[in-house]
Structures are given as C-alpha cells and as structure tokens.
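**Q** Start counting the sequence shown at 292; every next residue gets the next number (my numbering). Please read through the structure below; I'll follow up with questions.
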Amino acid sequence: MRTKNLVSGLIWGSLYVILTLTPLVILLTGPKNSGRPPLLDFSVSLGFSGLAIMALQFVTSARLKFFNQPFGTDIVYHFHRQIGIAAFLMVFAHPLLLFILDARYLRLLNLFSAPWRARFGVLAIILLIGVVWMAEYRQKLKIPYGFWKVWHGILATMMVGLALLHIFNTGDYTNLPWKRAVWIGYTVLFLLMLIYTRIIYPLKLMRNPYIVKEIRKERGDVWTVALAPARGKALRFMPGQFAWLTAWKTPFSDSEHPFSLASSSEQDDHIEMSIKNLGKFTSKIQALKPGDKVYIDGPYGSFSIDRYPQAKNLVFIPGGIGVTPIMSMLRSMAERGDKRPVRVLYANQTWDATTFREEMETLQQKLNMQLVYIIERPDAGWQGESGFLNADIIRKSVPAEWLNGNSEVFLCGPAPMMNAVEKALMQAGFNESQIHSERFALA
Ligand SMILES: Cc1cc2nc3c(=O)[nH]c(=O)nc-3n(C[C@H](O)[C@H](O)[C@H](O)COP(=O)(O)OP(=O)(O)OC[C@H]3O[C@@H](n4cnc5c(N)ncnc54)[C@H](O)[C@@H]3O)c2cc1C
C-alpha cells in the first residue's frame, strides 16, 4: 500500500508541477519582441503560473479518488488552501510589477477607458481578492459555511474564465498555434472539471442513494445513523475513513457534510455515522426517519490502521466525538479477530457524556486492549485519570518498548486537545512519524 501510494503520489505530484510550469515554456519559447524588458517577462511568468495553479485548484478540490488516495484528503485540502494563497500572491504581483516597470500601465485600471484585455484582467484580480478574502476570513466574518462554499465556487469559476479571456486577448503570448493550443488545453481541462464536479458526479451520486435504516441516540448528544444502499452493496472503506453526507437535498445542492464512517469496515450491507449536535446541520440529524433517502460520497481520508499493516502495537487517542473513526478501527479489528495489543486513551469532558463507553467495555473483552479514561470534569468519587491528557498519563499507560517504532498512534479530537496531545506524545518519546491525526476541520 505504501509503495503504491508513493508511486502514484510521485506521478500526480510531477504532473502537477509540469502543468504549473508549462505556461513558462510558452513565455520562454517562440519569437519575442527583442526590446521587451526582463521585468515584463517576469511579471507575466508570475501571472501565467499563478493562473495555471488557479485552474488546477478545480482538480485539487474535485475529490478525485485517484488523486486523493496517495496523499490523503486532508493534506490535499490543506495544499489547496496554501497553494491558493501562493497563486494569489503570484497573480497579484503581475500587475504590481507592471506598474513598477512603467507607471503608464496604471491607466489600464480605468475600466471605462481600458481595452477589453485589461478589463478582463482587472476584473479577474478583483474576483481573486474576493475569493481569497472570503476564504481567509470566513470564520471571523461569521459567513455561514454553505453560503461561502457556493460563492467560493462561483467567484473562482468566473475569475479563471476572465483570466483566460485576458490571456487570449493579449496577443503576445498566444501568437503561435501551439501556444493557443496549450491555453485551449487548460481551458478544456478547467471546463471538464466543472462539468464533472457540477453535473456528472452529482448525477452518479443521485443514481446510488442510501436509505436511513435506523437512528439511535448515544451518550454525549450524539446520534448514530445507520444507512443501507438502495441497490447493491455498501461502499467499501478502510476503517477510520470518512464520507460526505447529503440529507434533505440533492447532490447538486453542494451542501454535504463530512462524517467518519464509524461502523466496521467488514460490514457490506450498511454503514453508520455517529453525529454530534454541534451546529445548523448536525442539530437536525435526529429528525431523519427510517426510509428517508440520503446521498453518500466516499470513502475519503488516510487516517486508518490499514495504511500501517506492519504496526505491531496500536495506540488510539480519541477525544469527544473524535471517537468515531477510532470506533470503526476497533470494531473492524474485533470482527477481523485482530489480536494485536491495543491501548485506548479516551478523553472526555464528563463520564456521563462519554460516547460508546458501554461498547468500549465489550470491545475490551474481544480485543487485546487496555482502556484508560481521562475525564476533564469528573464527578466526586471518580477513581480514574482526570484533567487533561498529558505526557505522564501517556508514559503510565503505554509500555516503554512501544516507543521503538513498532507502534502507530491514532489521534482524533477537538483541535486544542490534538495540539496538546501531539506535543505530549513527543515528550513521552514517540516519533512524529508514528503519530497519525485526523482533524475534523477541512475548511
Ligand atoms: C474528516 C472529518 C470527519 C468528521 N467526522 C465527524 C463525525 O464522525 N461525527 C461528527 O459529529 N462530526 C464529524 N465531523 C465534523 C462535522 O463535519 C461538522 O461538525 C459538521 O459539518 C458541522 O456542520 P453544522 O452545520 O452542524 O455546523 P456549523 O455550526 O454550521 O459549522 C461549524 C463548522 O463546521 C465546519 N463545517 C460546516 N459545514 C461543513 C461542511 N459542509 N463541510 C466541511 N466542514 C463544514 C465549518 O468549519 C464550520 O465553520 C467531521 C469533520 C471532518 C472534516
């Protein structure tokens, strides 16, 4: 699995770099105006590469399984975000350098008098500022996630379209048939991605709906939804992966939410998601009824014991609702008869709200597992660990010989807990490469 992922990661990574740099070949080859200042070429090269990256953002956000598999969906999303900022700076530097080169270029900012090629360019940059500003400040500005997502897509599509029109209308760089062919290639790729993500993929999901079979209340304001495919078998996944759920709407609405697949990966007739009431969508989950139709897009993610089959010992550290992918791994291990030694360090605010605590006891009987609860606000008389999970508790609960590289650690919980526990694990002696984290935040 590791070698296969490494090879396909290298292939996709190389293709990405080639597609980003191809516009520079357009710039550097073919007939050139000999008087063209180097700063002008540099400015255009930044604009070209920035635009190529922007067009490729439609690939990195399209959740293509073959592209996500080698890297992991969370890494692809973080890459999408970081490279988007880099591309923004490159594109933004393009006009700034022109203004430094010759102040007369400033006249092109006047949308009433400027030629169309400049109008397209200026409008593309205004939209780009809007896209990046909304993405960076969404939470501070309290922009609802669903609203932001729709507008992020619309503005980005318009922006890339306008930037391509800017290039096609700026003759210097499309003056040879092969150069035009390359830019037409980028335009076609961009349009194909739009058609695929907005029409073909939602249609595919619509043709394979899931039906709600059961909805159960769990401890900690969590609801478990059991779903079975309307036709055929349920999706196959690695324990720990997640899928996107669309309820009450069609997949065309682009309003899906990510949830870990909490059931065992050994079941092929149904899947389960356990969802904590945390906001607008999750507070409505309990209203789902058996027989309701929903849509599932998955599996995604790389947070799974199946990616580390060589691990001799396994440490699971769930915090609160972060228990869901870990339940899937434990339930799958139980069904597989996997007897590898396991330590579970389960952190919760209160004992009463500790989700799945009864099932954890059952799993302890079936697996070679030791379970330690860490309760932040315990009731009087609590005998176990209390407060926050720290390096001392880790040292006490995990055998010292597990630190030597034969064990893998799976951590999932609220962001502040994960930041603190990652540090505590390293203080206790684990290597960074042994620690695998799933953050419940992609956006
Ligand atoms: C990989 C992954 C696995 C997850 N697994 C689980 C799980 O098993 N159980 C569980 O209870 N929760 C899980 N979550 C968290 C869950 O997706 C969010 O709690 C839920 O989407 C919030 O939606 P809301 O409308 O109720 O909350 P809101 O209050 O509207 O949103 C709160 C925040 O959640 C995020 N969010 C909201 N909508 C989306 C969306 N459509 N896509 C991505 N992020 C969004 C945004 O950052 C938003 O600011 C997981 C998240 C991720 C990324």
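Ideal Cβ placement from N, Cα and C applies to all residues, glycine included. Please read these numbers as outputs of a predicted model, since none were measured by experiment.
Drop a sphere of 10 angstroms on the beta-carbon of residue 595, count the other beta-carbons inside from all chains shown, and report buried for 16 or more, exposed for fewer.
**A** Answer is buried; the Cβ neighbour count reaches 16.
**Q** Is it buried or exposed, residue 673, if we count other Cβ atoms within 10 angstroms and call 16 or more buried?
**A** By the neighbour-count rule (16 or more Cβ atoms within 10 Å), residue 673 is not buried but exposed.
**Q** Counting beta carbon pairs with one atom in the stretch 640–651 and one in the stretch 612–628, are three or more of them shorter than 8 angstroms?
**A** The stretch 612–628 is in contact with the stretch 640–651.
**Q** Tell me whether residue 609 sits in a helix, a strand or coil according to DSSP, three-state version.
**A** Of the three classes helix, strand and coil, the one that applies to residue 609 here is strand, per DSSP.
**Q** For residue 609, count neighbouring C-beta atoms within 10 Å of its own C-beta (all shown protein chains included) and say buried if the count is 16 or more, exposed if not.
**A** Buried, by the Cβ-count rule.
**Q** Under 5 angstroms, CB to any heavy atom of ligand 1. Which residues pass, going along the chain?
**A** Having a Cβ closer than 5 angstroms to some heavy atom of ligand 1 are 436, 533, 548, 549, 550, 551, 566, 567, 569, 570, 571, 572, 573, 612, 615, 731, 733 and 734.
**Q** Three or more beta-carbon pairs under 8 angstroms between the stretch 447–465 and the stretch 553–566, yes or no?
**A** No, the stretch 447–465 does not touch the stretch 553–566.
**Q** Residues in the same chain with beta-carbon distance under 7 angstroms from residue 441, minus the five sequence neighbours each way, listed in chain order, please.
**A** These residues qualify, in order along the chain: 545.
**Q** Counting C-beta neighbours from all protein chains within 10 Å, is the total for residue 411 16 or more, i.e. buried, or is it exposed?
**A** It counts as buried.
**Q** Roughly how many angstroms lie between the CA atoms of residue 684 and residue 676, to the nearest whole one?
**A** Spanning the two alpha carbons is a distance of roughly 8 angstroms.
**Q** So for residue 582, helix, strand or coil by DSSP?
**A** Coil.
**Q** Would you call the stretch 689–709 and the stretch 598–614 touching, i.e. three or more CB-CB distances under 8 angstroms?
**A** With the cut-off at 8 angstroms, the stretch 689–709 and the stretch 598–614 touch.
**Q** Whose C-alpha, out of 645, 533, 498 and 578, is nearest the C-alpha of residue 509?
**A** Cα-wise, what sits closest to residue 509 is 645.
**Q** Just reading off the alpha helix (DSSP H) that residue 413 is part of, what are its end residues?
**A** Start and end: 407–428.
**Q** Look up residue 598 in the DSSP assignment and say whether it is helix, strand or coil.
**A** It is helical.
**Q** Jot down the residue ranges of each uninterrupted alpha helix (DSSP H) in the stretch 647–694, minimum 4 residues, whole runs only, in chain order.
**A** Whole alpha helix (DSSP H) segments, 4+ residues: 648–657 and 682–688.
**Q** Would you call the CB atoms of residue 551 and residue 729 closer than 9 angstroms?
**A** Result yes, Cβ atoms of residue 551 and residue 729 sit closer than 9 angstroms.
**Q** DSSP three-state call for residue 502: helix, strand or coil?
**A** Three-state DSSP puts residue 502 in a strand.
**Q** My output table needs one value for residue 365: the three-state DSSP class, helix, strand or coil.
**A** If DSSP states are grouped into helix, strand and coil, residue 365 belongs with the helices.
**Q** Kindly indicate which residue of 528, 584, 579 and 314 has the alpha-carbon position closest to the one of residue 476.
**A** Minimum Cα distance to residue 476 is reached at 314.
**Q** Could you tell me the boundaries of the alpha helix (DSSP H) in which residue 624 lies?
**A** Note, residue 624: alpha helix (DSSP H), 614–627.
**Q** Does the distance from the C-beta atom of residue 586 to that of residue 356 stay below 9 angstroms?
**A** For residue 586 and residue 356, no; Cβs fall outside 9 angstroms.
**Q** So residue 496 and residue 561 are supposed to be a Cβ contact under 8 angstroms. How far apart are they, rounded?
**A** At roughly 18 angstroms, the Cβ-Cβ gap does not stay under 8 angstroms, so residue 496 and residue 561 are not in contact.
**Q** Quick one, which of 493, 507, 406 and 492 has its alpha-carbon nearest residue 457's?
**A** Ranking 493, 507, 406 and 492 by Cα distance to residue 457 puts 406 first.
**Q** Please check the pair residue 369 and residue 352, which I expect to be a contact at CB under 8 angstroms, by giving their CB distance rounded to whole angstroms.
**A** That pair is no contact at about 12 angstroms.
**Q** Taking only runs of the alpha helix (DSSP H) that begin and end inside the stretch 490–548, which ones reach a length of at least 4 residues, in chain order?
**A** Within the stretch 490–548, the complete alpha helix (DSSP H) runs of at least 4 residues are 492–498.
**Q** Where does residue 361 land, buried or exposed, given buried means 16+ other C-beta within 10 angstroms?
**A** When all chains shown are included, residue 361 counts as buried.
**Q** Decide if residue 303 is buried, meaning its Cβ has at least 16 other Cβ atoms within 10 Å, or exposed.
**A** Result: buried.
**Q** Write down the C-beta distance between residue 581 and residue 504 rounded to the nearest angstrom, noting that I regard them as a contact closer than 8 angstroms.
**A** Yes, residue 581 and residue 504 are in contact; Cβ-Cβ is about 6 angstroms, under 8 angstroms.
**Q** Which residues does DSSP list as the beta-bridge partners of residue 564?
**A** Note: residue 564 sits in a beta bridge opposite 516.
**Q** Cutting at 6 angstroms between CB atoms, please list the residues of its own chain near residue 718, excluding the five before and the five after it.
**A** These residues qualify, in order along the chain: 682.
**Q** Does the separation of the CB atoms of residue 635 and residue 693 fall below 9 angstroms?
**A** Cβ atoms of residue 635 and residue 693: not closer than 9 angstroms.
**Q** Would you identify the three-state DSSP class for residue 359, choosing helix, strand or coil?
**A** In the structure shown, residue 359 sits in a helix (DSSP, three-state: H, G or I).
**Q** Please say whether residue 346 and residue 382 have beta carbons closer to each other than 9 angstroms?
**A** No, these two residues do not count as a Cβ contact at 9 angstroms.
**Q** Report yes if the CB atom of residue 404 is closer than 9 angstroms to the CB atom of residue 398, and no otherwise.
**A** The answer is yes: Cβ separation under 9 angstroms.
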